[in-house]
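Chemist:
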Amino acid sequence: TRAAEMMLTGRHVSGAEADAFGLLNRLVDDEAALLPTALELATQVAATTEYGRWMTKRGMWLGIDAPSLRHAIELENRTQVLGTFTGNMTQAAVAFMDKRDPEWKPL
117 TRAAEMMLTG RHVSGAEADA FGLLNRLVDD EAALLPTALE LATQVAATTE
167 YGRWMTKRGM WLGIDAPSLR HAIELENRTQ VLGTFTGNMT QAAVAFMDKR
217 DPEWKPL
């Protein structure tokens, strides 16, 4: 695999090559575009719920170690059920219907 080749050889790859491998989410044209692009992504992430960010990160890492697909799905189901108790799910639905941004409650 490409990942194995990169690890075994220690070869440096260009941004364009890393992008072609599917290793990047975004590729900027020049250094001047880097900070605005990173800030745009950070703003999008920060606009989500604290619980959602926390559980998404937790679920991704736990999912890697899940012994089976069934266990990973059970973890995701538990996360969704717990999320209903934050009040943010209702807030999201109401905000959507009102065509406005949601006002998230902190954890």
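Mapping of the sequence shown onto my numbering: residues 117 to 223, in sequence order.
Ideal placement from N, C-alpha and C gives every residue a C-beta, glycine not left out.
Just so we're clear, the structure is a prediction, and the values are computed from it rather than from any experiment.
1. With respect to the alpha helix (DSSP H) encompassing Thr239, which residues constitute its N-terminal and C-terminal limits?
2. Within a Cβ cutoff of 6 angstroms, which residues of the same chain sit near Pro218, ignoring the five residues on either side of it in sequence?
3. So, is the C-beta of Glu121 closer than 8 angstroms to a C-beta in chain D?
4. Under 8 angstroms, do Pro169 and Thr153 count as touching if we go by C-beta distance?
5. Over the uninterrupted alpha helix (DSSP H) stretch that includes Lys173, give me the two end residues.
6. Can you tell which of Thr125, Gly199, Leu155 and Leu150 has its C-alpha closest to the C-alpha of Gly131?
7. Looking at the secondary structure, which residues open and close the alpha helix (DSSP H) in which Glu133 lies?
8. Under DSSP, the alpha helix (DSSP H) around Val161 begins and ends at which residues?
Modeler: On the basis of the coordinates in this document:
1. In the structure as shown, the chain starts at 117 and stops at 223, and residue 239 therefore has no counterpart that could be examined.
2. The residue given as residue 218 occupies position 102 in the sequence shown. Taken in chain order, the residues that qualify are Gln207, Ala208 and Ala211.
3. Any reference to chain D falls outside this structure, which holds one protein chain only.
4. Position 53 of the sequence shown, counting from 1, holds the residue named residue 169. Position 37 of the sequence shown, counting from 1, holds the residue named residue 153. According to the sequence as given, residue 169 is Arg; it is not Pro. Contact flag unset, no.
5. Within the sequence shown, numbered from 1, the residue matching residue 173 stands at position 57. Glu166 to Asp181 is the extent of the alpha helix (DSSP H) around Lys173.
6. By 1-based counting over the sequence shown, the position of residue 131 is 15. The residue with the shortest Cα to Cα distance from Gly131 is Leu150.
7. As a position in the sequence shown, residue 133 is number 17, starting the count at 1. Gly131 to Ala136 is the extent of the alpha helix (DSSP H) around Glu133.
8. As a position in the sequence shown, residue 161 is number 45, starting the count at 1. For Val161, the uninterrupted alpha helix (DSSP H) segment begins and ends at Glu147 to Ala162.
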